[in-house]
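What follows is one structure encoded as structure tokens, with my remarks underneath.
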Amino acid sequence: MKKILVADDEMSIRLLYSEELKEEGYDVITASNGKEALEIVSREPLDLVILDIKMPEMSGIEVLRQIKEKYPDLPVLLSSAYSEYKQDFGTWASEEYLVKSSDLEDLKAAVRRHLKN
Ligand SMILES: [Mg+2]
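Position one of the sequence shown corresponds to residue 1 (the working numbering), numbered consecutively onward.
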């Protein structure tokens, strides 16, 4: 079973994403901040990470940078309520930048695209 980490400081998003992704047949772990996300990445074998950008203390962009430094092959999708971070070159290391929406079809399609067999 493919294992996905969802890191978002909003509990409602963590719940929504994990329920939807579990329904798709994935194993889902959640983190509520960047530090926790990095701890999980260093200890669990993961197939993909979904990162919120706006989180307290450590932004998703910083988490992305640290993940890609150590695990360049681990696919990371950024998920933000805002599209303005697309201008930030720090986001370019991600596989995709998704703008949050109540319709999770785009997110699920991106997950399918970037999961390696
Ligand atoms: Mg947030």
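All residues carry an ideal CB built from backbone N, CA and C; glycine is no exception.
Using CA atoms only, rank isn't needed, just tell me which of the options is closest to residue i.
| i | options | result |
| --- | --- | --- |
| E20 | G90, P56, E57 and S102 | S102 |
| L51 | K35, R43 and E44 | K35 |
| S32 | E44, L46 and M58 | M58 |
| V41 | Y82, K54, D8 and I4 | I4 |
| K2 | S18, D9 and L46 | L46 |
| E10 | S80, D88 and H114 | S80 |
| Y97 | A37, K116 and L64 | L64 |
| E105 | Y71, E24 and D8 | E24 |
| Y71 | E44, L15, Y82 and Q87 | E44 |
In the DSSP assignment, find the unbroken beta strand (DSSP E) run with residue i in it and report its ends.
| i | result |
| --- | --- |
| D52 | L48 to D52 |
| Y97 | E96 to V99 |
Just grab the DSSP bridge partners of residue i for me.
| i | result |
| --- | --- |
| V41 | DSSP, once it has assigned bridges, lists no residue as partnering V41. |
| V6 | T30 and I50 |
| S80 | V99 |
Should residue i and residue j be called a contact, given that it needs their Cβ atoms to be closer than 7 Å?
| i | j | result |
| --- | --- | --- |
| L74 | G60 | no |
| E84 | H114 | no |
In terms of residues, what are the limits of the alpha helix (DSSP H) holding residue i?
| i | result |
| --- | --- |
| L107 | E105 to H114 |
| S59 | Neither: S59 is in no alpha helix (DSSP H) and is coded neither H nor E. |
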